[in-house]
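Undergrad: All letters in the sequence shown, in the order written, are residues -27 to -1, 1 to 261 by mature numbering (1 follows the signal peptide of the UniProt record, and there is no 0). Input: one structure, supplied below.
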Amino acid sequence: MLTLLFLLVSSSKMAPMMLTLVSKAQSGRILTEEELEKLKTDQILVSEFKQQKLEKEAQKNWDLFYKRNSTNFFKDRHWTTREFEELKACREFDAQKLVLLEAGCGVGNCIFPLLEEDANIFVYACDFSPRAVEFVKQNPLYCSERCKAFQCDLTKDDLRNSVPAESVDVVTLIFVLSAIHPEKMQMALNNIYRVLKPGGIVLFRDYGLYDHAMLRFKSASKLGENFYVRQDGTRSFFFSTEMLMDLFMGAGFQSLVNEYVMRETVNRKEGLCVPRVFVQSKFRKPDQ
Ligand SMILES: C[S@@+](CC[C@H](N)C(=O)[O-])C[C@H]1O[C@@H](n2cnc3c(N)ncnc32)[C@H](O)[C@@H]1O
């Protein structure tokens, strides 16, 4: 079922013919015949040896990503408070301090807009790339009274070594779970569960099944079902809402929202249409 539909017309002089359509839906994107055929024929998997190497070097590959791109790759994510009103509304009283954990923080594109907007927020931020964590600490908006950035592999290191158990109100998990091997996703969620307060929530956004990026992978990039490797060795999984629900339920969460966000950018002049698919969800740790 389609729950929302709105239209944005680009005002940029460079792209006067660009239209972006955004919709939220319970069911996923329907593929064209051509796309179905591409996915059906693309069945050869990367060798087991190379897959194991990629897993062993996951941290190194992300660290090299930040060595190459420093803080210039991702844009600041100013949409988080619009899309996730809990970031403002989940306080019982206005002056209540909100404790947030940005799991897989990268260089802080998600946390710094929040720290600027909200004076009453304390942010834990972790990533397994030491370079990314260092970039966060070097940001002029970083200060130890309001943030604590630390290195942590969500699939291995107990978050409770840096964050008190059951102390966090909101966890943001933005384009991170897709970078983790599907067999280890559950461990990452169990880890997050332990530091969330009862009643605390996870705000999730990541790549959805049949996103444009999934269909653009060349052959010999496939690691498994809906799982691919990029040229630089970083990996990306594409989620169905069903699979995501199973993962979160498996860790003990309740589902509040779990839907596809579909964005179609149409360049009418060049006849191009880029269908992006994301999954946007909210999961809650039950009260005790
Ligand atoms: C696409 S970036 C997203 C960064 C940030 N959340 C944002 O919204 O800009 C994915 C991040 O996940 C981190 N990551 C991947 N696997 C991880 C793991 N097992 N533990 C901790 N961080 C991980 C990577 O180092 C990378 O910084």
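C-beta: ideal position from N, C-alpha, C; glycine also.
1. Tell whether a beta-carbon distance below 8 Å holds between Asp49 and Cys78.
2. My understanding is that Phe200 touches Phe210, with C-beta atoms under 8 Å, so please give their C-beta distance in whole angstroms.
3. Just the Cα atoms here: how many angstroms apart are Leu169 and Gln261?
4. Below 8 Å, can you find three or more Cβ-Cβ pairs linking the region 157 to 171 to the region 125 to 144?
5. Looking only at C-alpha atoms, which of Met216, Tyr97 and Lys70 sits nearest to Cys83?
6. Could you name the residues of the same chain whose beta carbon sits closer than 8 Å to that of Lys40, not counting the 5 residues immediately before and after it, in chain order?
7. Does DSSP put Thr(-8) in a helix, a strand or coil?
8. What's the gap between the Cα of Gln(-2) and the Cα of Glu237?
9. Going by the DSSP bridge assignment, what does Thr238 pair with across the sheet?
10. Using C-beta distances below 6 Å, list every residue in its chain close to Met187, excluding the 5 sequence neighbours before and after it, in chain order.
11. Buried or exposed for Asp219, going by 16 or more other Cβ atoms inside 10 Å?
12. Confirm the yes/no value for this check: CB of Phe210, any heavy atom of ligand 1, distance under 7 Å.
TA: On the basis of the supplied data:
1. no
2. Right, the Cβ-Cβ distance comes to about 5 Å (below 8 Å), so this counts as a contact.
3. 12 Å
4. yes
5. The shortest Cα separation from Cys83 among Met216, Tyr97 and Lys70 belongs to Tyr97.
6. Arg104
7. The DSSP-derived three-state label of Thr(-8) is strand.
8. 17 Å
9. Beta-bridge pairing links Thr238 to Thr(-8) and Val247.
10. Same-chain partners within the cutoff: Phe211.
11. exposed
12. no
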